[in-house]
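Residue numbers (this note's numbering): 11 to 607. These notes concern the structure reproduced below.
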């Protein structure tokens with residue numbers, strides 16, 4: 011794929027960026043606050059609110075009388091504007107809710123299976139403040155949760171220069187918040203996640219925030235659910251020769267002004283348009299009121315790439331998996347079929363990103379830092395728990411199921427293998443090694459349709475691994491809720507596989523480097539060439555993009571293997587690229603053919 015950079019982001023060691031020594035230790039600060047709130051409750055919340063926000067009221071919670079006073083002070087036009095935007099958000103959220111179906115089917119005579127969508131009981135909504143408070147965050151979090159049917163929404167927002175933020179509180183109230191607290195930052199997230207004497211504990215927290223708020227959500231994930239791990243806002247524009255370069259520059263800088271670390275990317279098929287857009291960026295930064303922030307973002311994180319065709323531009327954009335993707339081409343709607351990875355698409359020159367941020371009706375809480383490759387943004391479904399049920403009404407069906415159950419080779423209650431124990435270490439504040447109690451010692455197993463049991467014992471998503479503040483443990487916890495594939499593109503997977511008696515896998519290949527160790531039993535490792543090796547307890551396989559199958563040699567006992575899997579570059583043999591292939595049965599495999607042939 012041809013691509014040329016007209017502008018690259020500043021390098022990581024650029025003198026324009028702060029040195030590591032001058033940056034706050036965000037994970038440590040967040041952990042200290044969370045630990046204090048866990049120990050001291052409201053006393054810690056009060057102390058940190060005074061320290062960080064210079065805000066120490068007798069009560070952080072607004073009473074009905076307080077809210078009535080706020081509503082009386084907000085201009086009528088502002089109230090009407092809020093209601094108008096919330097009408098859009100509500101209408102779109104209701105359409106999303108109507109797209110999620112509950113159902114019940116009769117699988118066989120007298121056997122009924124069903125699915126229900128139950129709302130989360132209690133949700134915390136965080137509405138950020140800062141230099142440019144975004145009222146829309148109240149609509150996106152609180153209102154969407156209420157449309158989903160959440161019974162109790164606890165909403166927090168920081169004070170504004172030592173005062174109650176009137177318009178923000180009005181938006182929170184009109185969105186349907188059940189309890190409103192003027193409380194911000196780490197202390198607000200910790201109070202909602204842990205619960206204090208006055209702040210109720212919630213089950214789930216949604217809403218954007220600064221680096222400290224995002225880190226607090228990350229550290230508390232697992233104790234509560236969260237919408238997503240949010241980073242700095244992102245914008246990416248795909249443009250061709252028909253695009254207006256002045257508009258491109260305006261839209262890039264309208265997001266770059268959000269913060270000094272906002273990635274703003276242009277992928278364009280026209281060198282003339284791209285160069286003109288860059289010039290307009292420079293020109294606008296001489297007069298823009300927010301130039302102090304936007305110029306740093308554009309200098310350090312701005313990027314301009316030339317592509318040969320619009321299709322190639324879409325492919326490059328998919329690699330970025332950006333939060334906001336704006337399409338300024340002759341046929342913008344084709345991006346709906348040609349792009350897969352984005353938080354939200356903005357199609358055509360009359361659809362700017364700011365509409366989505368503030369008023370159009372879609373949700374502005376969106377994935378960043380490439381997370382759009384595996385998740386979407388906040389929506390009504392995030393506040394629902396999809397659960398299943400089953401009922402057998404026929405005595406004949408019940409008997410048939412009991413007979414099937416007794417014959418099932420993968421009945422884990424009948425496994426002759428002991429449960430896997432895994433022990434994870436950590437460190438005390440003094441640096442002494444100790445065993446972590448964040449994860450259970452029992453590795454979680456899942457049973458696959460072919461009756462093989464998988465245990466995801468650990469997973470990482472970067473090289474080298476970040477062990478600070480248990481970041482790697484949080485990463486693993488994320489993958490227990492969002493199971494990875496066979497491998498992770500930038501990390502490792504530690505997996506244990508329990509294979510039922512006599513079971514044989516389909517022949518399959520993954521483009522990865524896999525280390526396998528037999529822990530229990532005997533396994534046939536079969537290659538597509540017809541070769542075979544018998545692996546006994548303690549034997550090791552090193553599989554390099556191998557097309558293979560496994561067979562448990564015993565017809566009576568389970569076998570167990572441990573794998574460490576890591577990604578590999580594309581594999582070429584004799585000039586041909588090999589691919590992950592579809593699983594299929596193994597033709598002509600004969601167990602009698604001997605042990606190692």
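Glycine is no exception: its CB is placed at the ideal position from the N, C-alpha and C atoms.
Q.
Any beta carbon from chain C within less than 8 Å of residue 384's own beta carbon?
A. Among the chains in the structure shown there is no chain C, since it carries only a single protein chain.
Q: Express the C-alpha separation of residue 561 and residue 539 in angstroms, rounding to a whole number.
A: The count along the chain shown starts at 1 and reaches residue 539 at position 529. The count along the chain shown starts at 1 and reaches residue 561 at position 551. Looking at the two C-alpha atoms, the distance is approximately 16 Å.
Q. Ordered along the chain, which non-local residues of its own chain (more than five positions away) have a Cβ less than 8 Å from that of residue 269?
A. Against the chain shown, residue 269 aligns to sequence position 259. Excluding sequence neighbours, residue 269 sits near 242, 243, 303 and 307.
**Q.** CB of residue 184 within 8 Å of CB of residue 166, strictly
**A.** Here residue 184 refers to the residue found at position 174 when the chain shown is read from its first residue. Here residue 166 refers to the residue found at position 156 when the chain shown is read from its first residue. Going by C-beta atoms, residue 184 is not nearer than 8 Å to residue 166.
Q: Classify residue 308 as helix, strand or coil using the three-state DSSP reduction.
A: The count along the chain shown starts at 1 and reaches residue 308 at position 298. Looking at residue 308 - three-state DSSP - the assignment turns out to be helix.
Q) Thinking C-beta only, is residue 489 closer than 8 Å to residue 465? A) As a working mapping, residue 465 is identified with position 455 in the chain shown. As a working mapping, residue 489 is identified with position 479 in the chain shown. The answer is no: Cβ separation not under 8 Å.
Q: Assign residue 372 to buried or exposed, taking buried as 16 or more other Cβ atoms, counted over all protein chains shown, within 10 Å of its Cβ.
A: Translated into positions along the chain shown, residue 372 becomes position 362. Its Cβ being crowded by 16 or more others within 10 Å, residue 372 is buried.
(Q) Quick check: what's the CA-CA separation for residue 136 versus residue 239? (A) As a first step, residue 136 must be located in the chain shown, where it is residue number 126. As a first step, residue 239 must be located in the chain shown, where it is residue number 229. Residue 239 has its alpha-carbon roughly 14 Å from the corresponding atom of residue 136.
Q) Taking just the CA atoms, how far does residue 66 sit from residue 247? A) Counting from one through the chain shown, the residue named residue 247 turns up at place 237. Counting from one through the chain shown, the residue named residue 66 turns up at place 56. Answer to the nearest angstrom: the Cα atoms are 44 Å apart.
Q: Mark residue 570 as exposed unless 16 or more other C-beta atoms lie within 10 angstroms of its C-beta, in which case mark it buried.
A: Mapped onto the chain shown, residue 570 falls at position 560. Buried: at least 16 other Cβ atoms inside 10 Å.
Q | Selected residue, minimal CA-CA separation from residue 549, among 197, 151 and 528 | A | Residue numbering aside, residue 549 sits at position 539 when the chain shown is read from its first letter. Nearest option by C-alpha distance: 528.
**Q.** Beta-carbon spacing of residue 153, residue 84 below 8 Å
**A.** As a working note, residue 153 is residue 143 in the chain shown. As a working note, residue 84 is residue 74 in the chain shown. Not in contact: residue 153 and residue 84 (Cβ atoms no closer than 8 Å).
Q: Find out if the Cβ-Cβ distance for the pair residue 179, residue 89 is shorter than 8 Å.
A: Position 169 of the chain shown holds residue 179. Position 79 of the chain shown holds residue 89. The answer is no: Cβ separation not under 8 Å.
Q) Helix, strand or coil for residue 547 per DSSP? A) To locate residue 547, count along the chain shown from 1; it is residue 537. Reduced to three states, the DSSP call for residue 547 is coil.
Q) Which residue from 264, 54, 199 and 181 puts its Cα closest to that of residue 312? A) Within the chain shown, residue 312 is the residue found at index 302, counting from 1. For residue 312, the nearest C-alpha among the options comes from 264.
Q: For residue 9, count neighbouring C-beta atoms within 10 Å of its own C-beta (all shown protein chains included) and say buried if the count is 16 or more, exposed if not.
A: Residue numbering for the chain in the displayed model covers 11 to 607; residue 9 lies beyond these limits and cannot be assessed.
Q. Who are residue 38's beta bridge partners in DSSP?
A. Position 28 of the chain shown, counting from 1, holds the residue named residue 38. Note: residue 38 sits in no beta bridge, so no partner.
**Q.** Exposed unless 16 or more other CB atoms sit within 10 angstroms - verdict on residue 182
**A.** In the chain shown, the residue the question calls residue 182 occupies position 172. Counting Cβ neighbours within 10 Å, residue 182 comes out buried, since at least 16 surround it.
Q: With DSSP as the reference, label residue 50 as helix, strand or coil.
A: Taking the first residue of the chain shown as position 1, residue 50 is located at position 40. Three-state result, residue 50: helix.
Q. Nearest to residue 232 by CA position, among 258, 449 and 347, is which residue?
A. Here residue 232 is taken as the residue at index 222 of the chain shown, counted from 1. In this structure, 449 is the residue among 258, 449 and 347 with its C-alpha nearest to the C-alpha of residue 232.
Q) Thinking just about the alpha-carbon of each residue, which of 186, 329 and 128 is nearest to the one in residue 499? A) As a first step, residue 499 must be located in the chain shown, where it is residue number 489. Comparing Cα-Cα distances from residue 499 to each of 186, 329 and 128, the minimum goes to 329.
**Q.** Cβ pair residue 163, residue 201 closer than 8 Å
**A.** Counting from one through the chain shown, the residue named residue 163 turns up at place 153. Counting from one through the chain shown, the residue named residue 201 turns up at place 191. Against a cut-off of 8 Å, the Cβ pair of residue 201 and residue 163 comes out as no contact.
Q.
Excluding the 5 residues flanking residue 156 on each side, which residues of the same chain have their C-beta closer than 6 Å to its C-beta?
A. The sequence position of residue 156 within the chain shown is 146, counting from 1. Only 186 meet the Cβ criterion.
Q. Which runs of the alpha helix (DSSP H) spanning at least 4 residues fall entirely within the region 206-236, listed in chain order?
A. Runs of the alpha helix (DSSP H) inside the region 206-236: 221-230.
Q) How is the alpha helix (DSSP H) around residue 610 delimited, first residue to last? A) Outside the displayed range of the chain (11 to 607) lies residue 610, so it cannot be described from this structure.
Q) If you draw a straight line from the alpha carbon of residue 566 to that of residue 514, how long is it in whole angstroms? A) Mapped onto the chain shown, residue 566 falls at position 556. Mapped onto the chain shown, residue 514 falls at position 504. Cα-Cα distance, rounded: 14 Å.
Q: Mind checking which residues open and close the alpha helix (DSSP H) that includes residue 347?
A: For the purposes of this step, residue 347 is identified with residue 337 of the chain shown, where counting begins at 1. Start and end: 345-348.
Q) residue 114 by DSSP, collapsed to three states: which one? A) What you label residue 114 is simply residue 104 of the chain shown in a count that begins at 1. Strand at residue 114.
Q) Taking C-beta to C-beta, are residue 505 and residue 467 nearer than 8 Å? A) Here the question's residue 505 lines up with position 495 in the chain shown. Here the question's residue 467 lines up with position 457 in the chain shown. It is a contact, given that the beta carbons lie within the stated cut-off.
Q: State yes or no: is the C-beta of residue 288 within less than 8 Å of the C-beta of residue 359?
A: Counting from 1 along the chain shown, the entry for residue 288 is found at position 278. Counting from 1 along the chain shown, the entry for residue 359 is found at position 349. The answer is no: Cβ separation not under 8 Å.
Q: Would you kindly check if the distance between the Cβ of residue 195 and the Cβ of residue 214 is under 8 Å?
A: On the chain shown, position 204 is the one that residue 214 refers to. On the chain shown, position 185 is the one that residue 195 refers to. Result no, Cβ atoms of residue 214 and residue 195 do not sit closer than 8 Å.
Q | Spatial distance of residue 245 from residue 531 (CA atoms) | A | Sequence index remark: in the chain shown, residue 245 carries index 235 (1-based). Sequence index remark: in the chain shown, residue 531 carries index 521 (1-based). Approximately 53 Å, taken between the alpha carbons.
Q. Taking buried to mean at least 16 other C-beta atoms within 10 Å of its own C-beta, is residue 34 buried or exposed?
A. One-based indexing of the chain shown puts residue 34 at position 24. Residue 34 should be labelled exposed.
**Q.** Straight-line gap, residue 176 to residue 203 (C-alpha atoms, nearest Å)
**A.** Position 166 of the chain shown holds residue 176. Position 193 of the chain shown holds residue 203. Going by the C-alpha atoms only, they are around 25 Å apart.
Q. Considering only residues of the same chain and omitting the five flanking positions on each side of residue 611, which have a CB-CB separation below 7 Å?
A. Examination of residue 611 is not possible in this model, given that the chain is present from 11 through 607 alone.
**Q.** Reduced DSSP category for residue 183 - H, G, I as helix; E, B as strand; rest coil
**A.** Mapped onto the chain shown, residue 183 falls at position 173. Three-state DSSP puts residue 183 in a helix.
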